[in-house]
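Colleague: Sharing a structure here in structure tokens format.
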Amino acid sequence: MVTVEQLQDDNFCSQCPPPLSLQGIRIPLYLFGSNSVLDNGSVGGISCLIEEEQSVLDSILLAQWEDRMWKGLFRYDVTTSEIKVIGGRRKFIAQFNEGWSRDFKPELVLSAAVPDCGLLITINSSPVEYGHVFLVPHSSNILHQFLDARSLELVLRVAVEVNNCSFRLFYDYSPSASHIYFQACYLQIPLPVEFMPLDTFFGDGQEGMHISSVTDYPIKTLVFESNHLNMMMEVLAEICSCLQEKLIPYNLLISDHGKRIFLFFQLQTSKNSCTLSAWECGGYFVVKSRSEFDQATEQALLKQLTTVSLDDEGFQGVKRLCCTIASKFAS
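In the working numbering, the protein residues as written are 59 to 389.
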């Protein structure tokens, strides 16, 4: 455990509104192991741990989250929300939650001095699922404003060391974003997009990275798969940088202990338009209305995803970009 001290960097604090003081609060500090699979280059045949072999980081995350739940720090009890699989080929998932709102904005608490090149993990008081948290990358006590390889490395380390098949990480990019943060939660069942067929168009040998497009899915999606997380991390960071330069909104879904990353592409929209979150792109929808929940259909959700998806021409250009970048890192 460590004790939080007030950050005294005026330049840093001036970037944000006055934060809630956490002076004196004790929080867990987790240090990544020196023999991380990212350092070794390959995750090999990592598999899910059985319950009695739960990883240290997994147990810390869940224990801290449940502690906050029992203390009543959430707006509602997400564990009691009704969830159903919508009939149809894609098996979209809907959750009925009257307390949730798309308008809830995350409030990042910046009064805690985070170790250099570390992650600040905080609860989401308006959770979408069990164990829902924010992960905020810091470097030299400065909030990142763009997704870089170091930020990706940090969250991939979390995915590897949590080592829980239910654990998913999400990232939503918007050209109007002033800082970056990831989100994570535990899902009872995989997202619908994870079951969709793939068409592989780039492969670096039997053991290298593969890039595929998700077929028969309403929003344009690519999947990056590799046991060599360092290379995949570098490739994705450069691809995301190019997408940001082109002002193309995108989302990331990280699953399978970091070995599988989905990249969703959305259309450029006006500043006031609403883009979909990564879990919505993956086929998981939260609704506040009982009638909307009861009447949800695959056709309506297909339309919602198709409406925001990047067009065919843009998608072909993105695929060419991915091949060009991935080829530079191929063995």
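Note that beta-carbon positions come from the ideal geometry of N, C-alpha and C, so glycine has one too. Given the structure is predicted, the values throughout are model-derived calculations rather than measurements.
Would you list the residues sitting across from S313 in a DSSP beta bridge?
Modeller: The residue given as residue 313 occupies position 255 in the sequence shown. Answer is R318, bridged to S313.
Colleague: Drop a sphere of 10 angstroms on the beta-carbon of C175, count the other beta-carbons inside from all chains shown, and report buried for 16 or more, exposed for fewer.
Modeller: Counting from 1 along the sequence shown, the entry for residue 175 is found at position 117. The residue in question, C175, is exposed, as its Cβ has fewer than 16 Cβ neighbours within 10 Å.
Colleague: Should the segment 213-226 be called in touch with the segment 275-286, which here means at least 3 C-beta pairs below 8 Å?
Modeller: With a cut-off of 8 Å, the segment 275-286 and the segment 213-226 do not count as touching, because too few Cβ pairs lie within range.
Colleague: From E140 to E350, what does the alpha carbon distance come to, in whole angstroms?
Modeller: Indexing the sequence shown from 1 puts residue 140 at position 82. Indexing the sequence shown from 1 puts residue 350 at position 292. Computed Cα separation, rounded: 13 Å.
Colleague: Thinking C-alpha only, which one of S184, L310, L287 and I319 is nearest L131?
Modeller: Translated into the one-based positions of the sequence shown, residue 131 becomes position 73. Looking at the Cα atoms, S184 is the closest of the given residues.
Colleague: Among Y134, L321, N288 and L325, whose alpha-carbon lies nearest the alpha-carbon of V218?
Modeller: Counting from one through the sequence shown, the residue named residue 218 turns up at place 160. Ranking the options by Cα distance to V218, first place goes to N288.
Colleague: When you compare the segment 219-239 with the segment 114-121, are there three or more beta-carbon pairs, one atom per stretch, that lie closer than 8 Å?
Modeller: The segment 219-239 is in contact with the segment 114-121.
Colleague: Does DSSP classify F228 as helix, strand or coil?
Modeller: Along the sequence shown, read from residue 1 onward, the residue named residue 228 stands at position 170. Three-state DSSP puts F228 in a strand.
Colleague: Give the straight-line distance between the Cα atoms of L305 and E111, rounded to the nearest whole angstrom.
Modeller: Here the question's residue 305 lines up with position 247 in the sequence shown. Here the question's residue 111 lines up with position 53 in the sequence shown. Near 44 Å, if we compare the C-alpha coordinates of E111 and L305.
Colleague: Across which residues does DSSP place Y342 in a beta bridge pair?
Modeller: For the purposes of this step, residue 342 is taken as the residue at position 284 of the sequence shown. According to DSSP, which records beta bridges pairwise, Y342 is partnered with I151.
Colleague: Note the first and the last residue of the continuous beta strand (DSSP E) segment covering S271.
Modeller: If you number the sequence shown from 1, residue 271 lands on position 213. Element bounds for S271: H268 to V272.
Colleague: Roughly how many angstroms separate the alpha carbons of Q357 and K377, rounded to a whole number?
Modeller: Translated into the one-based positions of the sequence shown, residue 357 becomes position 299. Translated into the one-based positions of the sequence shown, residue 377 becomes position 319. So the two alpha carbons sit approximately 27 Å from each other.
Colleague: What does a CB cutoff of less than 7 Å around L294 pick up in its chain, not counting 5 residues either side in sequence?
Modeller: Working through the sequence shown from its first residue, we reach residue 294 at position 236. Counting only Cβ-Cβ distances below 7 Å, and skipping sequence neighbours, we find L210, F282 and I319.
Colleague: Three or more C-beta pairs under 8 Å: does that hold for the segment 238-246 against the segment 255-273?
Modeller: As far as the Cβ criterion goes, the segment 238-246 does not touch the segment 255-273, which means the pair count is below three.
Colleague: So, is K361 buried or exposed, given that buried needs 16 or more other C-beta atoms within 10 angstroms?
Modeller: On the sequence shown, residue 361 is found 303 positions in, with the first residue counted as 1. Answer is exposed; the Cβ neighbour count stays below 16.
Colleague: Could you give the C-beta distance for S367 and P276, rounded to a whole number, given that I count them as a contact under 8 Å?
Modeller: Against the sequence shown, residue 367 aligns to sequence position 309. Against the sequence shown, residue 276 aligns to sequence position 218. About 6 Å; that satisfies the 8 Å criterion.
Colleague: Whole angstroms are fine: how far does the CA of S159 sit from the CA of I151?
Modeller: Start at 1 with the first residue of the sequence shown, and residue 151 comes out as number 93. Start at 1 with the first residue of the sequence shown, and residue 159 comes out as number 101. When rounded, the distance between both Cα atoms is 17 Å.
Colleague: Would a C-beta distance cut-off of 8 Å place I297 and L227 closer than the cut-off?
Modeller: Here residue 297 is taken as the residue at index 239 of the sequence shown, counted from 1. Here residue 227 is taken as the residue at index 169 of the sequence shown, counted from 1. No, they are not a contact pair.
Colleague: Please report how far the alpha carbon of F343 lies from the alpha carbon of P86, in whole angstroms.
Modeller: Here residue 343 refers to the residue found at position 285 when the sequence shown is read from its first residue. Here residue 86 refers to the residue found at position 28 when the sequence shown is read from its first residue. C-alpha separation (whole angstroms): 32 Å.
Colleague: Please classify C381: is it buried, with 16 or more other beta-carbons within 10 angstroms of its beta-carbon, or exposed?
Modeller: For this step, residue 381 is matched to residue 323 along the sequence shown. Classification for C381: exposed.
Colleague: If you run the structure through DSSP and keep just helix, strand and coil, what is I247?
Modeller: Looking up residue 247 in the sequence shown gives position 189. Coil, per DSSP.
Colleague: Do Y308 and Y231 have their C-beta atoms closer together than 8 Å?
Modeller: Locating residue 308 in the sequence shown gives position 250, counting from the first residue. Locating residue 231 in the sequence shown gives position 173, counting from the first residue. Going by C-beta atoms, Y308 is nearer than 8 Å to Y231.
Colleague: Which residue's Cα is closest to the Cα of V194: F225, Y229, V186 and S224?
Modeller: Position 136 of the sequence shown, counting from 1, holds the residue named residue 194. Out of F225, Y229, V186 and S224, Y229 has the C-alpha closest to the C-alpha of V194.
Colleague: Which first and last residues belong to the beta strand (DSSP E) in which I373 is found?
Modeller: Taking the sequence shown and counting its residues from 1, the one referred to as residue 373 is at position 315. The sequence given here places Phe at residue 373; Ile does not occur at that position. Counting along the chain, F373 falls outside any beta strand (DSSP E), though it belongs to the alpha helix (DSSP H) covering D370 to F387.
Colleague: In this structure, what does DSSP give as the bridge partners for T180?
Modeller: Reading the sequence shown from its first residue, position 122 is the one you call residue 180. Its beta-bridge partners are F192.
Colleague: Whose CA, out of C243, M290 and F253, lies closest to the CA of N182?
Modeller: Within the sequence shown, numbered from 1, the residue matching residue 182 stands at position 124. With distances taken between Cα atoms, N182 lies closest to C243.
Colleague: Can you tell me whether L178 is buried or exposed? The criterion is at least 16 other CB atoms within 10 Å of its CB, across all chains shown.
Modeller: Within the sequence shown, numbered from 1, the residue matching residue 178 stands at position 120. Classification for L178: buried.
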